[in-house]
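Engineer: Structure incoming, see below.
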Amino acid sequence: MSAPTVEGKRKESSVFGKLAAIMLVMAFLLMLITTGFFIALVQPTLHGEISPGVAHAWLLVLSLLVMSGVVLTTQAVLQKLLRPLRVLNDGVTRLGEGELGVTVPRTTTDEFGRLTDTFNLMAGRVREMITARDRLLIDVSHELRSPLTRMKVALELMPDDVQRARLSSEVAEMERMISGLLELERLRTGRGVTLVRQDIVPILREVVATYEGRAPGVRFTADGDRQLTAQVDAEQIRSVMRNLLENAVKYSLADSRAIQVTVAAHDDGARVRVTDDGVGVPREDAERIFEPFFRVDRSRSKESGGYGLGLSICKRVMEAHGGQIALEPGNGRGCTFVLHFPRAD
Ligand code: ADP
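Mapping of the sequence shown onto our numbering: residues 1 to 345, in sequence order.
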């Protein structure tokens with residue numbers, strides 16, 4: 001038997017109890033109204049004070065009024081009764097969208113209130129698990145740095161042959177992966193980004209220019225000659241663009257059209273779109289692609305040297321800017337990455 005808790009002692013009500021009470025009140029009111037009709041119409045009709053035709057018309061009008069009243073009252077009562085469910089649904093949606101800090105206020109002591117408590121408990125557990133996973137990843141990354149440094153020193157002392165070259169490249173890859181993981185953590189905690197109000201068009205143009213000579217080529221289109229001002233860390237945005245363009249080039253096919261980069265102003269800020277005509281990403285992977293170590297096709301990515309950290313870093317950079325990154329999968333071929341920068345007022 002579980003120990004009694006503070007929650008357990010709280011006076012609790014029931015949705016079914018409330019519904020039963022509402023139905024009882026309605027039945028009582030209906031009874032009163034019917035009796036009222038009888039006194040007001042039937043008796044005078046019997047005594048010949050009003051004609052049956054007029055009594056019938058009155059009966060119709062009054063019944064209509066009563067029915068409308070019952071429907072409207074039921075709707076208002078049910079809306080109030082189900083409000084906690086709507087608030088809870090909003091919380092579940094926000095948690096599903098990755099907002100881990102979400103908690104739903106408990107406004108009732110009935111089953112919905114208990115469901116709200118259970119949801120808040122579950123959201124807290126999910127938060128703890130994700131924090132513990134991130135912590136573990138960071139601790140392991142930190143701990144691996146010292147043995148890696150010792151391995152590098154040991155490698156320097158080895159004879160300069162094929163074996164040493166192979167081991168050096170493996171160690172370099174591990175170092176890149178660890179730096180990526182530590183960078184993810186730095187960005188999550190808001191460090192590593194210094195925002196400055198500036199025009200983003202020259203930053204994008206500069207990065208795109210470095211990819212012009214590479215197949216399948218790249219085309220840049222800006223929204224007129226206007227400046228698109230946003231609060232950005234230029235170096236971090238260059239790195240996001242390099243990542244997207246590097247992937248667009250890497251996953252292009254021999255007959256792919258040139259990569260398109262467009263930037264345009266919208267009411268809520270600036271939007272940059274990077275569209276390629278390569279192998280594309282399956283629709284069901286559009287969200288997961290931004291998770292650390294996620295790769296659509298592990299063998300394909302291994303061949304091309306990636307280990308699935310690039311896009312998760314891009315996502316953290318955009319979040320640190322108060323913006324977003326999203327993937328619009330193409331129909332069969334190609335895909336579009338969309339960066340959104342909030343308005344700098
Ligand atoms: P990686 O270093 O493996 O490229 P990313 O985080 O940059 O890591 O990308 C994660 C995965 O997303 C890649 O392994 C690849 O499967 C897929 N991907 C990213 N960009 C594209 C693209 N433009 N076209 C097709 N697949 C892509």
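No residue lacks a Cβ here, since even glycine has one placed at the ideal position from N, Cα and C. If you're wondering where the values come from, they're calculated on a predicted model, not measured in any experiment.
Where does Asp268 land, buried or exposed, given buried means 16+ other C-beta within 10 angstroms?
Structural biologist: Exposed: under 16 other Cβ atoms inside 10 Å.
Engineer: Quick one: give me the first and last residue of the alpha helix (DSSP H) that Gly388 is part of.
Structural biologist: The question about residue 388 has no answer here: the residues shown for the chain are numbered 1 through 345.
Engineer: Going by beta-carbon coordinates alone, are Ile200 and Ala264 separated by less than 8 angstroms?
Structural biologist: The answer is no: Cβ separation not under 8 angstroms.
Engineer: For the alpha helix (DSSP H) that contains Ile289, what are its first and last residues?
Structural biologist: Note, Ile289: premise wrong, no alpha helix (DSSP H); not H, not E.
Engineer: Answer yes or no: the CB of Arg295 versus the heavy atoms of the ligand ADP, is any distance below 7 angstroms?
Structural biologist: Flag set: Cβ of Arg295 near the ligand ADP.
Engineer: Taking only heavy atoms of the ligand ADP into account, decide whether any of them is closer than 7 angstroms to the Cβ of Val240.
Structural biologist: No.
Engineer: Along the chain, where does the beta strand (DSSP E) that runs through Thr221 open and close?
Structural biologist: Looking at the DSSP string, the run of the beta strand (DSSP E) that includes Thr221 is 218-222.
Engineer: Ignore the nearest five residues each way along the sequence and tell me which others in Gly310's own chain have a CB closer than 6 angstroms to its CB.
Structural biologist: Excluding residues within five positions, the ones whose Cβ falls inside 6 angstroms are Asn243.
Engineer: Taking only three categories from DSSP, how would you classify Pro282?
Structural biologist: DSSP places Pro282 in coil when its eight states are reduced to three.
Engineer: Going by beta carbon distance, what residues of the same chain come within less than 6 angstroms of Gln227, once the five residues before and after it are set aside?
Structural biologist: Hits under 6 angstroms: Asp199.
Engineer: Alpha carbon to alpha carbon, how far is Leu187 from Leu327? Give it in angstroms, no decimals.
Structural biologist: Whole-angstrom Cα-Cα distance: 21 angstroms.
Engineer: Which residue wins for smallest C-alpha separation from Leu30, given the options Leu253, Met67, Asp134, Arg214?
Structural biologist: Measuring from the Cα of Leu30, the nearest candidate turns out to be Met67.
Engineer: Have a look at Phe119 and Gly323 and give me their C-alpha separation to the nearest angstrom.
Structural biologist: Cα-Cα distance, rounded: 28 angstroms.
Engineer: Please classify Ala230 as buried or exposed, where buried requires at least 16 other C-beta atoms within 10 Å of its C-beta.
Structural biologist: It is buried - the Cβ of Ala230 has at least 16 other Cβ atoms within 10 Å.
Engineer: Out of Leu65, Val218, Gly98, which one is the CA nearest neighbour of Val261?
Structural biologist: The option with the nearest alpha carbon to Val261 is Val218.
Engineer: Check whether the Cβ of Leu311 lies closer than 7 angstroms to any heavy atom of the ligand ADP, and answer yes or no.
Structural biologist: Within the cutoff, so yes.
Engineer: Return yes when at least one heavy atom of the ligand ADP lies under 7 angstroms from the C-beta of Asp276, else no.
Structural biologist: Under cutoff, so the answer is yes.
Engineer: The ligand ADP and Gly308: does the residue's C-beta get closer than 7 angstroms to at least one heavy atom of that ligand?
Structural biologist: The answer is yes for Gly308.
Engineer: If you run the structure through DSSP and keep just helix, strand and coil, what is Leu339?
Structural biologist: Here Leu339 sits in strand by DSSP.
Engineer: Where do the ends of the beta strand (DSSP E) carrying Thr103 lie?
Structural biologist: No beta strand (DSSP E) holds Thr103; DSSP gives it neither H nor E.
Engineer: Have a look at the DSSP bridge pairing and note the partners of Gly269.
Structural biologist: The partner list for Gly269 (beta bridge, DSSP) reads His266, Pro342.
Engineer: Starting from Ala230 and walking both ways along the beta strand (DSSP E), at which residues does that stretch end?
Structural biologist: Taken as a continuous stretch (DSSP letters only), the beta strand (DSSP E) holding Ala230 covers 229-232.
Engineer: Hey, out of Tyr307, Ile325, Gly91, Thr336, whose CA is closest to Asp277's CA?
Structural biologist: The shortest C-alpha separation from Asp277 is found at Thr336.
Engineer: Could you tell me the alpha carbon to alpha carbon distance between His340 and Arg83, rounded to whole angstroms?
Structural biologist: Those two C-alpha atoms are separated by around 33 angstroms.
Engineer: From the DSSP output, read off the bridge partner residues of Asp199.
Structural biologist: For Asp199, which the question treats as bridged, DSSP gives the partners Thr229.
Engineer: For Ala344, collect the residues of the same chain with a Cβ closer than 7 angstroms to its Cβ; drop the 5 residues on either side in sequence, then sort them by chain order.
Structural biologist: So the qualifying residues of the chain are Arg197, Thr229, Ala230, Gln231.
Engineer: Is the stretch 144-151 touching the stretch 107-121, taking contact as three or more C-beta pairs under 8 angstroms?
Structural biologist: No contact exists between the stretch 144-151 and the stretch 107-121.
Engineer: Closer than 7 angstroms: is that where the CB of Ile289 sits relative to any heavy atom of the ligand SAH?
Structural biologist: As presented, the structure is devoid of the ligand SAH, carrying the ligand ADP as its sole ligands.
Engineer: Who pairs with Val274 in a beta bridge, going by DSSP?
Structural biologist: The partner list for Val274 (beta bridge, DSSP) reads Val261, Phe337.
Engineer: Quick one: is Arg191 buried, meaning 16 or more other Cβ sit within 10 Å of its Cβ, or exposed?
Structural biologist: So Arg191 ends up on the exposed side.
Engineer: Cα separation between Met1 and Leu95?
Structural biologist: In this prediction, Met1 scores a pLDDT of 37, lower than 50, which makes its location untrustworthy; no coordinate-derived value is stated.
Engineer: Just the C-alpha distance for Leu182 and Gly308, rounded to the nearest angstrom, thanks.
Structural biologist: One C-alpha to the other measures close to 14 angstroms.
Engineer: Using alpha carbons as the reference points, say which of Leu46, Val70, Glu12 lies closest to Phe376.
Structural biologist: No answer is possible for residue 376: it lies beyond the span of the chain, which begins at 1 and ends at 345.
Engineer: For Ala248, verify whether its CB is less than 7 angstroms away from any heavy atom of the ligand ADP.
Structural biologist: Yes.
Engineer: Rounded to a whole number of angstroms, what is the C-alpha to C-alpha distance between Glu128 and Ile178?
Structural biologist: Each residue's alpha carbon lies about 23 angstroms from the other.
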